[in-house]
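Participant:
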């Protein structure tokens, strides 16, 4: 009998682990590639919105993507298709059932990590990103033999991809605070096993440092300049909040009725809201997922944020 994905996943993202790597590889931006593994809506729905580990998972992965792009490091994605014929899905059907069964929205990579033009999305048919794909050939073509792995699920696809990379003489680096699993024990198991058997276990801060610091969270907030619109750089102003919202929604908010329009009607789902809250907290703004009602307008959101500033 096939299994279903769990529900209500919530646990503290490990900030450090007791893994003792069997190797001591050094991450080199000239040799690195970044893999964003299965960060699709379908696979993030089981997590409790606004709580760990998914808040840290999304934010740390976003920082890795930004750093890779800034450093000219290739970014690859895996994504399972919405429709998976039984002959292509194979034994996965026996273990996990038929898959997404036509759920095109569930198959989407979350907007916060959306691939840019030129970035490769590998169609995922098995646990490993290398299976039934030309991933190895693409890595070789770009001169990359180190693979930084982020995404879900840590002990399943992420770990198997790490094994497959190792078997192909590609050094895998599993980012312990940018992966997640069904529970903390499963997360810990993945970290321990990869460290002991096939690769290096690292964290987001170490990767950002190795890649030159791009994408790191700011240590201080400079004084805002007139017209500046990035909350991460300039602090809280109404125009900044609107710009952040437009960035996350990937929408032109010119026609937004601040008093009348519900933000969920503009696409503010739980994942985007979690990302926004994380970004606000980086600036010392005390706001939580529970503070924002499901039917909030922009005016209500602004008031909540101003109260937390």
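Residue numbers (full-length UniProt numbering): 1 to 309.
Yeah, the Cβ is synthetic: ideal placement off N, Cα and C, and Gly gets one too.
Secondary structure at residue 55, three-state DSSP: helix, strand or coil?
Facilitator: helix
Participant: From the DSSP output, which residues share a beta bridge with residue 180?
Facilitator: 152
Participant: If you pair each beta-carbon of the segment 143-150 with each one of the segment 114-123, do three or more pairs fall below 8 Å?
Facilitator: no
Participant: From the DSSP output, in three-state form, read off residue 65 for me.
Facilitator: Helix, per DSSP.
Participant: Can you name the residues that DSSP bridges to residue 40?
Facilitator: 109
Participant: Which of the three DSSP states, helix, strand or coil, is assigned to residue 80?
Facilitator: coil
Participant: Taking the alpha-carbon of residue 49 as reference, which of 81, 168, 140, 7 has the nearest alpha-carbon?
Facilitator: Here the closest residue by C-alpha is 7.
Participant: How many angstroms separate the CA atom of residue 130 from the CA atom of residue 81?
Facilitator: 16 Å
Participant: Helix or strand or just coil, what does DSSP make of residue 270?
Facilitator: The answer is helix: DSSP assigns residue 270 an H, G or I state.
Participant: Using 8 Å as the threshold, is the segment 127-142 in touch with the segment 29-37, meaning 3 or more CB pairs across them?
Facilitator: yes
Participant: So does the segment 174-191 actually touch the segment 60-79, counting three or more Cβ pairs closer than 8 Å?
Facilitator: Pairwise C-beta distances place the segment 174-191 in contact with the segment 60-79, as three or more of them are shorter than 8 Å.
Participant: Determine the closest residue to residue 77 out of 261, 109, 69, with distance taken between C-alpha atoms.
Facilitator: Residue 77 has its Cα closest to that of 109, out of 261, 109, 69.
Participant: Any idea if residue 9 is buried or exposed, counting beta-carbon neighbours within 10 angstroms, 16 or more meaning buried?
Facilitator: buried
Participant: Could you please give the first and the last residue of the uninterrupted beta strand (DSSP E) stretch that includes residue 200?
Facilitator: 200-202
Participant: So for residue 233, helix, strand or coil by DSSP?
Facilitator: Model confidence at residue 233 stands at a pLDDT of 35, short of 50, so the residue's coordinates are unreliable; what they give is reported in the following sentence. In the structure shown, residue 233 sits in a helix (DSSP, three-state: H, G or I).
Participant: For residue 159, tell me which candidate among 188, 86, 137 has the shortest Cα-Cα distance.
Facilitator: 188
Participant: Taking only the alpha-carbon atoms, compute the straight-line gap between residue 167 and residue 209 and give it to the nearest angstrom.
Facilitator: Residue 167 and residue 209: Cα-Cα distance of roughly 27 Å.
Participant: Can you find the residues in the same chain that come closer than 6 Å, C-beta to C-beta, to residue 43, ignoring five residues on each side of it along the sequence?
Facilitator: So the list reads 152, once near-sequence residues are dropped.
Participant: Does DSSP classify residue 310 as helix, strand or coil?
Facilitator: Here the chain covers residues 1 to 309 and nothing more, so residue 310 does not appear.
Participant: Can you find a C-beta in chain B that's less than 7 Å from the C-beta of residue 150?
Facilitator: You won't find chain B in this structure, because it holds only one protein chain.
Participant: Please list the terminal residues of the continuous alpha helix (DSSP H) segment that includes residue 245.
Facilitator: 238-249
Participant: Please report the straight-line C-alpha distance between residue 191 and residue 201, rounded to a whole angstrom.
Facilitator: 7 Å
Participant: Could you spell out where the beta strand (DSSP E) holding residue 123 opens and where it closes?
Facilitator: 120-123
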